[in-house]
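Peer 1: Below is the structure I would like to discuss, written out as structure tokens.
There are 2 protein chains.
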Amino acid sequence: MLNFNFQLPTRILFGRDRISELGKEVRKYGNRVLLVYGGGSIKKTGLYDRVIESLNSNGISYVELSGVQPNPRITSVREGVKLCRDNQVELVLAVGGGSVIDCAKIIAAGVNYEGDPWDFFIHNARITGALPIGTVLTLAATGSEMNANAVISNEDTGQKLDISSRHLYPRFSILDPTLTFTVPPLQTAAGTADIMSHVFEQYFSPTPGGFIVDRMAEAMLKTCIHYAPIAIAEPNDYEARANLMWTGTVALNGLLSTGRETDWGVHEIEHVISALYDVTHGVGLAILTPHWMRHILSARTAPKLADYARRVWDIVGDDDMVVASLGIEKTAAFFRSLGLAANLREVGVEESRLEEMADQVTANRQPLGAFGQLNRSDVLAILRAAY
Amino acid sequence: MLNFNFQLPTRILFGRDRISELGKEVRKYGNRVLLVYGGGSIKKTGLYDRVIESLNSNGISYVELSGVQPNPRITSVREGVKLCRDNQVELVLAVGGGSVIDCAKIIAAGVNYEGDPWDFFIHNARITGALPIGTVLTLAATGSEMNANAVISNEDTGQKLDISSRHLYPRFSILDPTLTFTVPPLQTAAGTADIMSHVFEQYFSPTPGGFIVDRMAEAMLKTCIHYAPIAIAEPNDYEARANLMWTGTVALNGLLSTGRETDWGVHEIEHVISALYDVTHGVGLAILTPHWMRHILSARTAPKLADYARRVWDIVGDDDMVVASLGIEKTAAFFRSLGLAANLREVGVEESRLEEMADQVTANRQPLGAFGQLNRSDVLAILRAAY
Numbered sequence: 002m003l004n005f006n007f008q009l010p011t012r013i014l015f016g017r018d019r020i021s022e023l024g025k026e027v028r029k030y031g032n033r034v035l036l037v038y039g040g041g042s043i044k045k046t047g048l049y050d051r052v053i054e055s056l057n058s059n060g061i062s063y064v065e066l067s068g069v070q071p072n073p074r075i076t077s078v079r080e081g082v083k084l085c086r087d088n089q090v091e092l093v094l095a096v097g098g099g100s101v102i103d104c105a106k107i108i109a110a111g112v113n114y115e116g117d118p119w120d121f122f123i124h125n126a127r128i129t130g131a132l133p134i135g136t137v138l139t140l141a142a143t144g145s146e147m148n149a150n151a152v153i154s155n156e157d158t159g160q161k162l163d164i165s166s167r168h169l170y171p172r173f174s175i176l177d178p179t180l181t182f183t184v185p186p187l188q189t190a191a192g193t194a195d196i197m198s199h200v201f202e203q204y205f206s207p208t209p210g211g212f213i214v215d216r217m218a219e220a221m222l223k224t225c226i227h228y229a230p231i232a233i234a235e236p237n238d239y240e241a242r243a244n245l246m247w248t249g250t251v252a253l254n255g256l257l258s259t260g261r262e263t264d265w266g267v268h269e270i271e272h273v274i275s276a277l278y279d280v281t282h283g284v285g286l287a288i289l290t291p292h293w294m295r296h297i298l299s300a301r302t303a304p305k306l307a308d309y310a311r312r313v314w315d316i317v318g319d320d321d322m323v324v325a326s327l328g329i330e331k332t333a334a335f336f337r338s339l340g341l342a343a344n345l346r347e348v349g350v351e352e353s354r355l356e357e358m359a360d361q362v363t364a365n366r367q368p369l370g371a372f373g374q375l376n377r378s379d380v381l382a383i384l385r386a387a388y
Numbered sequence: 002m003l004n005f006n007f008q009l010p011t012r013i014l015f016g017r018d019r020i021s022e023l024g025k026e027v028r029k030y031g032n033r034v035l036l037v038y039g040g041g042s043i044k045k046t047g048l049y050d051r052v053i054e055s056l057n058s059n060g061i062s063y064v065e066l067s068g069v070q071p072n073p074r075i076t077s078v079r080e081g082v083k084l085c086r087d088n089q090v091e092l093v094l095a096v097g098g099g100s101v102i103d104c105a106k107i108i109a110a111g112v113n114y115e116g117d118p119w120d121f122f123i124h125n126a127r128i129t130g131a132l133p134i135g136t137v138l139t140l141a142a143t144g145s146e147m148n149a150n151a152v153i154s155n156e157d158t159g160q161k162l163d164i165s166s167r168h169l170y171p172r173f174s175i176l177d178p179t180l181t182f183t184v185p186p187l188q189t190a191a192g193t194a195d196i197m198s199h200v201f202e203q204y205f206s207p208t209p210g211g212f213i214v215d216r217m218a219e220a221m222l223k224t225c226i227h228y229a230p231i232a233i234a235e236p237n238d239y240e241a242r243a244n245l246m247w248t249g250t251v252a253l254n255g256l257l258s259t260g261r262e263t264d265w266g267v268h269e270i271e272h273v274i275s276a277l278y279d280v281t282h283g284v285g286l287a288i289l290t291p292h293w294m295r296h297i298l299s300a301r302t303a304p305k306l307a308d309y310a311r312r313v314w315d316i317v318g319d320d321d322m323v324v325a326s327l328g329i330e331k332t333a334a335f336f337r338s339l340g341l342a343a344n345l346r347e348v349g350v351e352e353s354r355l356e357e358m359a360d361q362v363t364a365n366r367q368p369l370g371a372f373g374q375l376n377r378s379d380v381l382a383i384l385r386a387a388y
């Protein structure tokens, strides 16, 4: 295990009807809110009305930034920053999934920075503070509700970049599993793939010795494998939605990266794809992950991949290469069983652009990853296999 | 899953040589410290000198409260409160295991309370604030380094009582596994039994549906079972010490009680024993736990106890009662294999006082526990079986 720091300042309010406590939580930080949300779904489900009611009954005024898209854009961030400044906003409240939360985080960080918030992503500026952030989560996926990360796309440059800063931890996050009852099957599947990918990126580590962290990672993978099919078949199953929601949060709140180097190679490849094509992040990850596993499988990586196959998929056998391969096929079959696309062609990616993507993924750094070590040729091979 | 709140404000600094950052962390909160520690072991190991050096080089003055005993006493707390007041202390720094940390917590809470700090435990007063608390952990066991709990004994009344308040979270805790290299085999075993008992008290819950929490609990149990024998055989094995230390922390930082009712029946029985006899807490828990499991085994509890046996001990079989029984015997055998006492007689408990203990355990509440439901006669039966 490597040395590490760990702290989780975000206050989680988990369970049914916690939304009624929203106004009270917000009031700890101020009386003027920027309400950030996506398309109209929160209006259709009635969540919007419940949020407004809780704000109103606590004397909190609000301005709105709606229409934040999946793979949220820097233009939305700029718009939100302006709204905050024009209205002396004291807290940025995200109601939605990871995209909405990420957008809210960078708005909060941008308010007190004079330049353009894209500067944070291209290392022209550091985040040195942020308005308080609160969230109401509507999708089990990104873990953004309890971490310090954000991913934003720039439509002008075709880039999708991530950032991390301790100032980006939400002060509170409301996690009501019933709010995810209306998440459609494909989004439920994509969210699950996202959660599993977060676990994989930390579980497949070159650092030896993290037994406790590996076992906790397997706990999270087993939970996803157990409950995703249930949530898809029975959207109103509370235990399924609750387990997926809490797993999504703990899978990326820092616990699984304690004491280890992490990989994130698949995420880096996927970010380039979804910046160019607006592919749903989890769908892209589900397509790429088994191909990444197959590509990096070697005598060096087989013991860990076999451990995964044995402990998560109950595969029996002595030959690590064989067992690992069976585990990889189980992984691919599981994603397909959830209705996720099996290759990049299905989601509209053009074969002619694979080389360009491989260039972009490895433009700043080679090799990519840590457990896997990917040069440009490896990335291209994975993209071709996934096509 | 039940509704819950979750937040972990304590900053963990984990790894080798983190002690060098002590002074810098302390200085965030003030320049005058009460240094709380136990017997002379931190002087023998050189830790005391490293602590003092880090305080001195950061311009931090200190007064000392030494001699805090296992099962820490309210008299030590009173003494510490007086030292804090007389010296305008700004942070209480615990260097030691759970006993020292618990003592420091209640000192910190007592400084701003006019009455006697024992009032907190007998519900004559509530904790409404505390001085900042910092810790340097020297034993993997209680989890007090990242939670809001404390247990204190009152030698006048023969009581050992616990308390929880959000004001008791340490601001920071330094977890250096190398500081536990000198922990003797029996203390390593007792610490492991303590950790495992914390997991059991939360894992054996009557609340259905907490799949993710159950799997994480099993991860922690497997880690203890894997590494305790290694740490006992090879005291300087860094990975063993690191895994046990981090497991001890996450086993009782609130994660395993998210969404569920917890039991704590064994702890309540053990507290009465160790208040009367000064038995090492973990030793008492190791003696009682298998007897508690045997006593509560029934058609109602067998499925969960069998799940434990299958998932943690790899026991195969269809009959839950049989599988559960085998798991219980494995648990008892494991504790014995670590060199822990097998019955209460071995640790000096008098048979003539078992009835009195059963009275005391159930004086304020029956039934005790949640997964197990213990009336006085159950407690007495467990004590007799454990004798």
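Those protein sequence lines, which keep their order, are chains G and U.
Each residue of the first sequence is one higher than the last, beginning at 2 in this note's numbering.
Each residue of the second sequence is one higher than the last, beginning at 2 in this note's numbering.
Even glycine gets a Cβ: it sits at the ideal position worked out from N, Cα and C.
#1: Label R51 of chain U either buried or exposed according to how many other C-beta atoms from any shown protein chain fall within 10 Å of its C-beta, with 16 as the threshold for buried.
#2: According to DSSP, is F335 of chain G helix, strand or coil?
#3: How should A334 of chain G be labelled, buried or exposed, when 16 other C-beta atoms within 10 angstroms of its C-beta is the threshold for buried?
#4: Listed in chain order, which residues of the region 5-25 of chain G have Cβ atoms closer than 9 Å to some Cβ of chain U?
#5: Kindly list, in the order they appear in chain G, the residues whose Cβ is closer than 9 Å to that of W314 of chain U.
#6: Is there a Cβ of chain U sitting closer than 7 Å to that of N244 of chain G, yes or no?
#7: Which residues does DSSP pair with E65 of chain U in a beta bridge?
#8: Buried or exposed: H268 of chain G, going by 16 or more other Cβ atoms within 10 Å of its Cβ?
#9: In whole angstroms, what separates the C-alpha of D103 of chain G from that of A142 of chain U?
#10: Buried or exposed for P185 of chain U, please, with buried defined as at least 16 other CB atoms from any protein chain shown within 10 angstroms of its CB.
#11: If you measure from the beta carbon of F201 of chain U to each beta carbon in chain G, is any gap under 7 Å?
#12: Answer yes if the region 20-34 of chain G comes into contact with the region 52-66 of chain G, meaning at least three C-beta pairs across the two stretches below 8 Å, and no otherwise.
#13: How many angstroms separate the CA atom of A310 of chain U from the CA atom of V69 of chain G?
#14: Classify N254 of chain U: buried if its beta carbon has 16 or more other beta carbons within 10 angstroms, exposed otherwise.
#15: Would you say G1 of chain U faces chain G, with C-beta separation under 7 Å as the test?
#16: If you run the structure through DSSP and keep just helix, strand and coil, what is K223 of chain U?
#17: Quick test of the definition: if touching needs 3 or more C-beta pairs under 8 Å, does the region 278-285 of chain G touch the region 305-319 of chain G?
#18: Can you check DSSP and say which residues form a bridge with S154 of chain U?
#19: Need the endpoints of the beta strand (DSSP E) that S55 of chain U sits in, please.
#20: At 9 Å on the CB atoms, spell out the chain U contacts of E240 of chain G, in chain order.
#21: When you measure from the CB of A386 of chain G to every non-hydrogen atom of the ligand FAD, does any distance come out below 6 Å?
#22: Between T250 of chain G and E356 of chain U, what straight-line distance do the alpha-carbon atoms span, to the nearest angstrom?
#23: Looking at the unbroken beta strand (DSSP E) that takes in T11 of chain U, where does it start and where does it end?
#24: Any residues in the region 218-238 of chain G with a beta carbon nearer than 8 Å to a beta carbon of chain U? Which ones, in chain order?
#25: Can you check whether the C-beta of R28 of chain G is within less than 7 Å of a C-beta belonging to chain U?
#26: I believe A383 of chain U touches W265 of chain U by the beta-carbon criterion, under 8 Å. Please report the beta-carbon distance rounded to the nearest angstrom.
#27: Please report the straight-line C-alpha distance between T193 of chain G and C225 of chain G, rounded to a whole angstrom.
#28: Classify L121 of chain U as helix, strand or coil using the three-state DSSP reduction.
#29: Could you say which of U:F122, U:K83 and U:D321 lies nearest to I108 of chain U if we only look at CA atoms?
#30: Using the beta-carbon count (16 or more within 10 Å), is N150 of chain U buried or exposed?
#31: Would A105 of chain U and I75 of chain U qualify as a contact pair, given that the criterion is a beta-carbon distance under 7 Å?
#32: I need the boundaries of the alpha helix (DSSP H) containing S378 of chain G, first residue and last residue.
#33: Step through the CB atoms of chain U and report whether any lies within less than 7 Å of the CB of T179 of chain G.
#34: Please list the residues of the region 253-269 of chain G that have a C-beta atom closer than 8 Å to any C-beta atom in chain U, keeping them in chain order.
#35: Does DSSP classify V323 of chain U as helix, strand or coil?
#36: Does the beta-carbon distance from L375 of chain U to L381 of chain U come in below 7 Å?
Peer 2: Quick look at the numbers:
#1: The residue given as residue 51 of chain U occupies position 50 in the second sequence. Counting Cβ neighbours within 10 Å, R51 of chain U comes out buried, since at least 16 surround it.
#2: Numbered from 1 along the first sequence, position 334 holds the residue referred to as residue 335 of chain G. Three-state result, F335 of chain G: helix.
#3: Along the first sequence, read from residue 1 onward, the residue named residue 334 of chain G stands at position 333. Under this definition A334 of chain G is an exposed residue.
#4: F5, N6, F7, Q8, L9, P10, T11, R12, I13, L14, F15, G16, R17, D18 and R19
#5: If you number the second sequence from 1, residue 314 of chain U lands on position 313. Result: empty, since nearest Cβ-Cβ is about 14 Å, beyond 9 Å.
#6: Along the first sequence, read from residue 1 onward, the residue named residue 244 of chain G stands at position 243. Yes, contact with chain U.
#7: The residue given as residue 65 of chain U occupies position 64 in the second sequence. E65 of chain U is bridged to U:L36.
#8: Here residue 268 of chain G refers to the residue found at position 267 when the first sequence is read from its first residue. It counts as buried.
#9: Within the first sequence, the letter at position 102 stands for residue 103 of chain G. Within the second sequence, the letter at position 141 stands for residue 142 of chain U. Roughly 38 Å separates the two Cα atoms.
#10: If you number the second sequence from 1, residue 185 of chain U lands on position 184. P185 of chain U is exposed by the Cβ-count criterion.
#11: On the second sequence, residue 201 of chain U is found 200 positions in, with the first residue counted as 1. Closer than 7 Å: no.
#12: yes
#13: Position 309 of the second sequence, counted from the start, is the residue given in the question as residue 310 of chain U. Position 68 of the first sequence, counted from the start, is the residue given in the question as residue 69 of chain G. Whole-angstrom Cα-Cα distance: 48 Å.
#14: In the second sequence, the residue the question calls residue 254 of chain U occupies position 253. With 16 or more Cβ atoms within 10 Å of its Cβ, N254 of chain U is classed as buried.
#15: The structure shown does not extend to residue 1 of chain U, since chain U spans only 2 to 388, so no value can be given for it.
#16: The residue labelled residue 223 of chain U in the question sits at position 222 within the second sequence. Helix at K223 of chain U.
#17: no
#18: Counting from one through the second sequence, the residue named residue 154 of chain U turns up at place 153. According to DSSP, S154 of chain U bridges with U:R74 and U:K161.
#19: Looking up residue 55 of chain U in the second sequence gives position 54. Not the beta strand (DSSP E): S55 of chain U falls in the alpha helix (DSSP H), residues L48 to N57.
#20: By one-based count along the first sequence, residue 240 of chain G stands at place 239. Under the 9 Å cutoff, chain U gives M2, P209, G210, G211 and F212.
#21: Looking at this structure, you won't find the ligand FAD or any other ligand, since it has none at all.
#22: Here residue 250 of chain G refers to the residue found at position 249 when the first sequence is read from its first residue. Here residue 356 of chain U refers to the residue found at position 355 when the second sequence is read from its first residue. Using only the alpha carbons, I get a separation of about 47 Å.
#23: In the second sequence, counting from the first residue as 1, residue 11 of chain U sits at position 10. Counting along the chain, the beta strand (DSSP E) containing T11 of chain U begins and ends at F5 to F15.
#24: E219, A220, M221, K223, T224, H227 and Y228
#25: Stepping through the first sequence from its first residue, residue 28 of chain G is reached at position 27. No, R28 of chain G lies away from the interface with chain U (no Cβ there is under 7 Å from its Cβ).
#26: Reading the second sequence from its first residue, position 382 is the one you call residue 383 of chain U. Reading the second sequence from its first residue, position 264 is the one you call residue 265 of chain U. In the sequence as displayed, the identity of residue 383 of chain U is Ile instead of Ala. Incorrect: roughly 14 Å between the Cβ atoms, too far for contact.
#27: For this step, residue 193 of chain G is matched to residue 192 along the first sequence. For this step, residue 225 of chain G is matched to residue 224 along the first sequence. Between T193 of chain G and C225 of chain G, the C-alpha separation is close to 6 Å.
#28: Indexing the second sequence from 1 puts residue 121 of chain U at position 120. In the sequence as presented, Leu is not what sits at residue 121 of chain U; that position holds Phe. Looking at F121 of chain U - three-state DSSP - the assignment turns out to be helix.
#29: Taking the second sequence and counting its residues from 1, the one referred to as residue 108 of chain U is at position 107. It is U:K83.
#30: Looking up residue 150 of chain U in the second sequence gives position 149. N150 of chain U is buried by the Cβ-count criterion.
#31: Translated into the one-based positions of the second sequence, residue 105 of chain U becomes position 104. Translated into the one-based positions of the second sequence, residue 75 of chain U becomes position 74. No; because the gap between Cβ atoms is not below 7 Å, this pair is not in contact.
#32: Looking up residue 378 of chain G in the first sequence gives position 377. First-last of the alpha helix (DSSP H) with S378 of chain G: R377 to A387.
#33: Walking along the first sequence from the start, residue 179 of chain G turns up at place 178. With 7 Å as the cut-off, T179 of chain G does not count as an interface residue toward chain U.
#34: L256, T259 and G260
#35: Position 322 of the second sequence, counted from the start, is the residue given in the question as residue 323 of chain U. Of the three classes helix, strand and coil, the one that applies to V323 of chain U here is helix, per DSSP.
#36: As a position in the second sequence, residue 375 of chain U is number 374, starting the count at 1. As a position in the second sequence, residue 381 of chain U is number 380, starting the count at 1. Taking 7 Å as the Cβ cut-off, L375 of chain U and L381 of chain U do not qualify as a contacting pair.
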